[in-house]
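Undergrad: Chains A and B, in that order, are what the protein sequence lines are. Heads up: take any position in the first sequence, counting from 1, add 3, and you land on the working numbering. Heads up: take any position in the second sequence, counting from 1, add 70, and you land on the working numbering. I have a structure here, written as structure tokens, and I will follow up with some questions on it.
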Amino acid sequence: MKLWLLDADVVIKFLELGIFDRLVKSHEVHVTPTVVEEVKYFYRDDEQVFVDFRREYIATGLVRESSATADEIKNILLRIPPLKRQVIHDGELESLAVLVREMDLILCTFDSVAIRSLPFLGVDERAISAERLLQVSGLTLSPAHKLDPRLSEDYFRNNLEQGRCEYVLAFGRK
Amino acid sequence: MADIDLARRLKSAREAAGLSIAEAASRMGFANYQTLSNIEKGEREVKASELARFAKNYFCSLSALLLGDAAPEPEVHFLWRRVPATERKVEVEASIRHRFEQYHLLEQLLGIAPGGSVMQFAIEPANILTNSQIEVLAERIGNTLNLGSRPALSLGMVMEQVLQIKILYVDLAEFGSAAATVHAHYGAAIIVNSDEAPWRINFTLAHELFHILAWNAFPPTEIEQNMALFRDMERKADRFASSLLLPGSEVRKELESRIVNRKLEYADLIDVAREFGVSTQAMLYRMANMGLIPWEIADEAAKSEELTTLDRRKRKRGESTKPTSDRFIRLAVKCLRKGLISRGKFAEILEIERPEIDRILELGGLTEAEGAAIEIVAP
Numbered sequence: 004m005k006l007w008l009l010d011a012d013v014v015i016k017f018l019e020l021g022i023f024d025r026l027v028k029s030h031e032v033h034v035t036p037t038v039v040e041e042v043k044y045f046y047r048d049d050e051q052v053f054v055d056f057r058r059e060y061i062a063t064g065l066v067r068e069s070s071a072t073a074d075e076i077k078n079i080l081l082r083i084p085p086l087k088r089q090v091i092h093d094g095e096l097e098s099l100a101v102l103v104r105e106m107d108l109i110l111c112t113f114d115s116v117a118i119r120s121l122p123f124l125g126v127d128e129r130a131i132s133a134e135r136l137l138q139v140s141g142l143t144l145s146p147a148h149k150l151d152p153r154l155s156e157d158y159f160r161n162n163l164e165q166g167r168c169e170y171v172l173a174f175g176r177k
Numbered sequence: 071m072a073d074i075d076l077a078r079r080l081k082s083a084r085e086a087a088g089l090s091i092a093e094a095a096s097r098m099g100f101a102n103y104q105t106l107s108n109i110e111k112g113e114r115e116v117k118a119s120e121l122a123r124f125a126k127n128y129f130c131s132l133s134a135l136l137l138g139d140a141a142p143e144p145e146v147h148f149l150w151r152r153v154p155a156t157e158r159k160v161e162v163e164a165s166i167r168h169r170f171e172q173y174h175l176l177e178q179l180l181g182i183a184p185g186g187s188v189m190q191f192a193i194e195p196a197n198i199l200t201n202s203q204i205e206v207l208a209e210r211i212g213n214t215l216n217l218g219s220r221p222a223l224s225l226g227m228v229m230e231q232v233l234q235i236k237i238l239y240v241d242l243a244e245f246g247s248a249a250a251t252v253h254a255h256y257g258a259a260i261i262v263n264s265d266e267a268p269w270r271i272n273f274t275l276a277h278e279l280f281h282i283l284a285w286n287a288f289p290p291t292e293i294e295q296n297m298a299l300f301r302d303m304e305r306k307a308d309r310f311a312s313s314l315l316l317p318g319s320e321v322r323k324e325l326e327s328r329i330v331n332r333k334l335e336y337a338d339l340i341d342v343a344r345e346f347g348v349s350t351q352a353m354l355y356r357m358a359n360m361g362l363i364p365w366e367i368a369d370e371a372a373k374s375e376e377l378t379t380l381d382r383r384k385r386k387r388g389e390s391t392k393p394t395s396d397r398f399i400r401l402a403v404k405c406l407r408k409g410l411i412s413r414g415k416f417a418e419i420l421e422i423e424r425p426e427i428d429r430i431l432e433l434g435g436l437t438e439a440e441g442a443a444i445e446i447v448a449p
């Protein structure tokens with residue numbers, strides 16, 4: 004799968020869970036330059052673990068970096084309502100712009116605002132929950148880890164549904 | 071081809087942020103200012119990652135740069151206690167205005183009307199002509215807001231939660247001052263130097279509250295153009311702060327229990343000041359305006375090296391943490407919980423790194439989960 008990880012949160016969470024390295028082996032993973040910049044460290048057992056993402060993952064070709072143009076971001080901004088524009092992080096906007104451009108990418112995110120934005124961009128069918136991603140990748144969490152509800156399929160589906168409702172309210176039926 | 075509208079907007083945004091082309095280029099990490107100059111002339115394309123950095127350095131949003139979303143009208147006007155040096159004033163104000171806008175955005179997302187409640191206490195010029203009128207005003211505000219016998223302990227919280235005044239703690243560094251503003255759409259805000267000691271912050275809050283209450287009666291532009299009026303308003307704001315934080319009867323009661331043979335030791339004076347959450351100097355001047363000591367004695371003691379040294383020793387702040395606005399954090403968490411802002415935006419607004427989001431939520435006893443709802447039966 005050509006996997007597009009929306010933001011630093013997803014990468015940090017997968018690093019925290021100890022599954023990121025296995026994911027990059029099973030999939031072609033892509034991120035934006037903002038994600039590369041923002042993933043500096045994560046916590047494991049309450050200890051800060053530093054990571055040089057560019058050196059360890061980009062330079063080694065394990066993860067690919069893709070960026071959007073200003074025009075592509077502008078196009079994203081024009082497709083979402085004005086107030087919503089203010090609540091999505093700049094890096095996430097760029098990420099969504101790449102997703103819209105690269106038709107073969109599958110997005111993984113557990114950010115509710117980002118999930119709810121997908122129907123506005125017509126890419127709601129090209130996204131996957133973290134729980135589902137783990138399943139299709141044949142990965143299981145260690146018994147010590149209880150799946151964070153935000154990573155669940157339910158959380159993803161509920162927010163996607165909410166996004167579809169918001170879209171209908173803003174622009175009428177699709 | 072470069073977007074000429076974007077080029078123009080970038081130039082205007084830089085100017086609005088008070089940055090020279092050389093300073094902006096350096097903050098953007100360009101090797102020389104020529105790169106930025108070419109961008110502003112529309113001769114070089116802007117990369118997406120650069121756009122995000124422009125937005126951050128120019129204190130604006132991506133949509134303002136790409137779509138030209140309008141700046142707030144009317145303009146936000148800050149009334150400074152000590153105006154920042156001219157060359158940095160525009161930049162300092164632009165960064166504070168951006169924080170003010172973000173605070174307002176959180177309220178807007180949650181459907182909270184920006185703080186009109188404070189203006190119900192707006193004052194008329196005729197009501198603050200004399201010191202005794204100002205004392206009466208302070209007493210009335212203290213009673214109405216139920217600030218109790220130690221107003222400093224709850225003032226900040228009440229100002230934020232009840233009066234909906236936005237308190238913006240800003241690292242003002244060498245601009246070590248404070249400001250107030252009232253905006254038609256965003257509401258009222260007080261800008262506090264986050265480096266100040268807690269007891270000085272309390273006084274600042276009370277002082278700036280006075281300026282907010284007097285905002286309509288004495289427009290800031292009028293005050294700034296008239297030095298005599300500025301000094302008079304500052305004196306009145308100090309008097310108001312002193313009376314509000316140090317209720318006469320309570321101060322008298324506390325002091326009387328410590329006065330022996332008509333003498334009050336420095337250590338006791340410091341203890342009382344600390345108990346009321348004000349500086350020792352503020353306590354001394356309050357004692358003078360209550361007629362307990364002559365002004366010259368208050369002034370002399372306030373400058374005394376012995377008192378200052380003892381004060382410093384007794385008030386060691388230990389592991390000092392920067393003050394933060396509880397309300398601002400709670401609004402941000404509520405927006406995150408309700409899926410109104412993304413986690414990236416949450417981290418940006420709170421100025422934290424991504425891995426700290428969950429820790430902030432956990433340590434603060436805050437949670438992203440909504441939980442079940444209970445049905446309310448009474449109307």
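From the three backbone atoms N, C-alpha and C, an ideal C-beta is built for every residue, glycine too.
Between Asp127(A) and Leu121(A), is the Cβ-Cβ spacing less than 7 Å?
TA: yes
Undergrad: Quick check: is the beta carbon of Asp12(A) nearer than 7 Å to any beta carbon in chain B?
TA: yes
Undergrad: Closest Cβ-Cβ distance between Asp93(A) and chain B: below 7 Å?
TA: By this cut-off, Asp93(A) is an interface position.
Undergrad: Using C-beta distances below 8 Å, list every residue in its chain close to Asp396(B), excluding the 5 sequence neighbours before and after it, in chain order.
TA: Met227, Glu230
Undergrad: Which residues in chain B sit within 8 Å of Leu96(A), going by Cβ to Cβ distance?
TA: Leu132
Undergrad: Tell whether a beta-carbon distance below 7 Å holds between Ala222(B) and Phe346(B).
TA: yes
Undergrad: Note down, in chain order, all residues in the region 18 to 50 of chain A with a beta-carbon under 7 Å from any beta-carbon belonging to chain B.
TA: Those residues of the region 18 to 50 of chain A that come within reach of chain B (Cβ to Cβ, closer than 7 Å) are Pro36, Thr37, Glu41, Lys43, Tyr44, Phe45, Tyr46.
Undergrad: Nearest-angstrom Cα distance between Pro425(B) and Asp302(B)?
TA: 49 Å
Undergrad: Kindly indicate if chain B contains any beta-carbon less than 7 Å away from that of Tyr170(A).
TA: no
Undergrad: Quickly, what does DSSP pair Asn263(B) with across the bridge? List them, please.
TA: For Asn263(B), the pairing in a beta bridge is given by DSSP as Val240(B).
Undergrad: If we ignore side chains and look at the alpha-carbon of each, how far apart do Arg78(B) and Arg114(B) end up?
TA: 12 Å
Undergrad: Suppose contacts are defined by Cβ-Cβ distances below 7 Å. Is Val160(B) in contact with Gly112(B) by that definition?
TA: no
Undergrad: Quick one: any contact between the region 127 to 139 of chain B and the region 151 to 167 of chain A, if contact means 3 or more CB pairs under 8 Å?
TA: no
Undergrad: Hey, Val39(A) and Glu19(A): beta-carbon distance below 7 Å or not?
TA: In this structure, Glu19(A) does not lie closer than 7 Å to Val39(A) by Cβ.
Undergrad: For the alpha helix (DSSP H) containing Thr37(A), name the first residue and the last one.
TA: 36 to 41
Undergrad: So the alpha helix (DSSP H) Lys373(B) belongs to, where does it begin and stop?
TA: 365 to 373
Undergrad: What does a CB cutoff of less than 8 Å around Gly138(B) pick up in its chain, not counting 5 residues either side in sequence?
TA: Asp75, Arg79
Undergrad: CB-CB under 6 Å to Lys236(B), same chain, minus the five flanking residues each way: which ones, in chain order?
TA: The answer, listed in chain order, is Tyr173, Ala259.
Undergrad: So what does Tyr44(A) bridge to, in DSSP terms?
TA: Phe53(A)
Undergrad: For chain B, is any of its Cβ atoms less than 7 Å away from the one on Ile61(A)?
TA: Not one beta carbon of chain B lies nearer than 7 Å to the beta carbon of Ile61(A).
Undergrad: Grab the span of the beta strand (DSSP E) containing Thr251(B) for me, first residue to last.
TA: 249 to 253
Undergrad: Run down chain A in chain order and give the residues with a C-beta less than 7 Å from the C-beta of Ala254(B).
TA: Result: empty, since nearest Cβ-Cβ is about 19 Å, beyond 7 Å.
Undergrad: Tell me, please, whether the CB atom of Pro184(B) is closer than 7 Å to any CB atom in chain A?
TA: no
Undergrad: Label Lys28(A) either buried or exposed according to how many other C-beta atoms from any shown protein chain fall within 10 Å of its C-beta, with 16 as the threshold for buried.
TA: exposed
Undergrad: With a threshold of 7 Å between beta carbons, is Asp157(A) in contact with chain B?
TA: Look at Asp157(A): its C-beta is not under 7 Å from any C-beta on chain B.
Undergrad: Roughly how many angstroms lie between the CA atoms of Gly64(A) and Ala73(A), to the nearest whole one?
TA: 25 Å
Undergrad: What residue from Arg57(A), Gln89(A), Leu124(A), Asp55(A) has the CA that sits closest to Val101(A)'s CA?
TA: Leu124(A)
Undergrad: Determine the contact status of Ser412(B) and Ala117(A), defining contact as a CB-CB distance below 7 Å.
TA: yes
Undergrad: Within 10 angstroms of the Cβ of Ala323(B), are there 16 or more other Cβ atoms? Answer buried if so, exposed if not.
TA: The question names Ala, yet the displayed sequence has Lys at residue 323(B). Its Cβ having fewer than 16 others within 10 Å, Lys323(B) is exposed.
Undergrad: Establish whether the CB of Glu445(B) and some CB of chain A are separated by less than 7 Å.
TA: Nearest CB-CB separation between Glu445(B) and chain A: not below the 7 Å threshold.
Undergrad: Mind checking if Ala73(A) is an interface residue toward chain B, Cβ cutoff 7 Å exclusive?
TA: yes
Undergrad: Name the two residues that bound the continuous beta strand (DSSP E) containing Lys392(B).
TA: For Lys392(B), no beta strand (DSSP E) segment is defined, and its DSSP state is neither H nor E.
Undergrad: Can you tell me whether Thr291(B) sits near the ligand NAP, meaning its C-beta is under 6 Å from at least one heavy atom of the ligand?
TA: As far as ligands go, the structure on display features none, and thus does not contain the ligand NAP.
Undergrad: Does the separation of the CB atoms of Arg169(B) and Leu238(B) fall below 7 Å?
TA: Taking 7 Å as the Cβ cut-off, Arg169(B) and Leu238(B) qualify as a contacting pair.
Undergrad: Does Arg413(B) get closer than 7 Å to chain A when you measure Cβ to Cβ?
TA: yes
Undergrad: Since Val348(B) meets chain A, which of its residues come closer than 8 Å, beta carbon to beta carbon?
TA: Under the 8 Å cutoff, chain A gives no residues; its nearest Cβ is about 39 Å from Val348(B).
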